[in-house]
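Below is one structure; the comments refer to it alone.
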Amino acid sequence: MENYTPANPQLWSGRPSEDQQYVHEKVVAVNLREAATSPSKKSFSILGYACDEGVARNRGRVGAYHGPDHIKKALGPMPNHLPQKYQLFDMGSVVCIGDDLEGAQKSLTETVRVILSQKSFPIVLGGGHDIAYGHFKGIRNHFGPDKKIGIINFDAHFDLRDNGGIPTSGTPFHQIATEAQTNGEAFHYLCLGIRQDANPKVLFETAQHTGSKFILQSEFTLYNLKKVNKKLQKFLDEVDLVYVTLDLDGFASAYAPGVSAPSPFGFSPDIVLECLNTIIASKKLTALDIAEYNPTYDIDGITAKLAAGLLHHSIHRLSGK
Ligand SMILES: N=CN[C@@H](CCC(=O)O)C(=O)O
Ligand SMILES: [Mn+2]
Ligand SMILES: [Mn+2]
């Protein structure tokens, strides 16, 4: 695989301890070009998706190419509370070479399929939101067409653009919906945090005719937790498996300045954590990614810490901690 770089152990540093008190001491760096790892225990596999070609094609501000390494660096010094029986792998990164977005997505699909076939839990770090197309296809290819895979996207944007068949960071869910329709399969998509001032009418129409569900940003707050949970639970009940994709540009800029398209009126982390807890409690969560981290625009690394914190919360909840 040309567009792949093995895990760089130097990204993982922090305070030393005798007994894996910190995440950097728990992480095992993997080179997928060498003999395949076959994890014996329960495990999480962190994979980078170093690509901002989709953002460039979508007229956004580039920089997300460098996102994955910064998130890994922010996660390393955090405390490790994972039970011993859990392993945590850094699988390295899929990288986009030049403008070959399609090639990067293909490699992502194949790598996610391999991770799932090893019974590990994929956590992919972007990178533009075109991560979602490659990630979803890997899940779909592993589980096959009979499983109903629900996509839950925390985002200010639908990313349901029809760009004349040219993939960008704004098209992943349109691509998935179109392929599902071609194959006679259902499309299960729930978008949380949609901003009316960030999506044109045509995307609300596309959401409607693809059967997409959504909650507007103005309603996606802790004040509405009961309503949010009701809609979320209904969606969870209708699917077999869940893939969660967290677009950092859905968070208010105060929490996530390091993105291509900032959202001053975005949502806050508390409602996202509540929803993640509900999703994890369903026992259907199968894969997770964090998209659109752009270190060029970050302030004091807080967006990287937010991304690392979301990842930290998720793996600990998934492991029962
Ligand atoms: N992945 C991002 N998609 C957004 C970008 C919005 C913007 O650049 O302002 C979209 O296409 O709608
Ligand atoms: Mn998005
Ligand atoms: Mn977005």
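With the numbering used here as the guide, the letters of the sequence shown map in order to residues 1474 to 1794.
Each residue gets a CB set at the ideal place from its N, CA and C atoms; glycine is no exception.
Tell me the rounded alpha-carbon separation between residue i and residue j.
i: Ile1544; j: Pro1640; result: 25 Å
i: Leu1779; j: Ser1787; result: 12 Å
i: Ser1741; j: Ala1760; result: 22 Å
i: Glu1765; j: Lys1621; result: 26 Å
i: Arg1534; j: Gly1723; result: 16 Å
i: Val1745; j: Thr1644; result: 23 Å
i: Leu1663; j: His1630; result: 12 Å
i: Glu1475; j: Gln1648; result: 25 Å
i: Ser1593; j: Lys1515; result: 7 Å
i: Leu1705; j: Thr1751; result: 8 Å
i: Pro1556; j: Leu1791; result: 11 Å
i: Leu1714; j: Phe1708; result: 11 Å
i: Tyr1716; j: Gln1494; result: 29 Å
i: Ser1733; j: Gly1536; result: 8 Å
i: Cys1524; j: Gln1578; result: 9 Å
i: Arg1469; j: Thr1478; result: This structure gives no information on residue 1469, because the portion of the chain shown stretches from 1474 to 1794.
i: Leu1749; j: Glu1491; result: 32 Å
i: Gln1483; j: Val1496; result: 13 Å
Mapping the DSSP letters down to three states, classify residue i as helix, strand or coil.
i: Thr1759; result: strand
i: Cys1664; result: strand
i: Lys1621; result: coil
i: Ser1691; result: helix
i: Pro1737; result: coil
i: Val1732; result: coil
i: Asp1525; result: coil
i: Asn1750; result: helix
i: Gly1611; result: helix
i: Tyr1606; result: helix
Does any C-beta atom of chain D lie closer than 9 Å to the C-beta of residue i?
i: Lys1546; result: Although the question refers to chain D, the structure presented lacks it and comprises just one protein chain.
Suppose only complete runs of 3+ residues qualify. What are the beta strand (DSSP E) ranges in the stretch 1529-1592, listed by chain order? Restricted to the stretch 1529-1592, the beta strand (DSSP E) segments that are unbroken, complete and at least 3 residues in length are 1559-1568, listed in chain order.
Neighbouring residues (CB closer than 7 Å to any heavy atom of ligand 3): Checking every Cβ against the heavy atoms of ligand 3 under 7 Å gives His1602, Asp1628, Ala1629, His1630, Asp1632, Asp1720, Asp1722, Gly1723, Ala1734 and Glu1765.
Counting pairs of beta carbons, one from the stretch 1565-1576 and one from the stretch 1619-1637, are three or more of them closer than 8 Å? Cβ pair count under 8 Å is below three, so no.
So, does the stretch 1517-1525 touch the stretch 1593-1607, judging by three or more C-beta pairs under 8 Å? Here the stretch 1517-1525 lies against the stretch 1593-1607, with 3 or more beta-carbon pairs under 8 Å apart.
Should the stretch 1674-1691 be regarded as contacting the stretch 1560-1569, the criterion being three or more beta carbon pairs within less than 8 Å? They do not touch, by the three-pair rule.
Hey, which unbroken runs of the beta strand (DSSP E) at 3 residues or more fall wholly within the stretch 1486-1510? Counting only runs of 3 or more residues that sit fully inside the stretch 1486-1510, the beta strand (DSSP E) segments are 1500-1502, in chain order.
At 4 residues or longer, and completely inside the stretch 1633-1678: list those alpha helix (DSSP H) runs for me, N to C. Runs found: 1645-1655.
Quick one: which unbroken beta strand (DSSP E) runs of 3-plus residues sit fully inside the stretch 1694-1721? Chain order, please. If we require 3 residues or more, the beta strand (DSSP E) runs fully inside the stretch 1694-1721 come out as 1714-1720.
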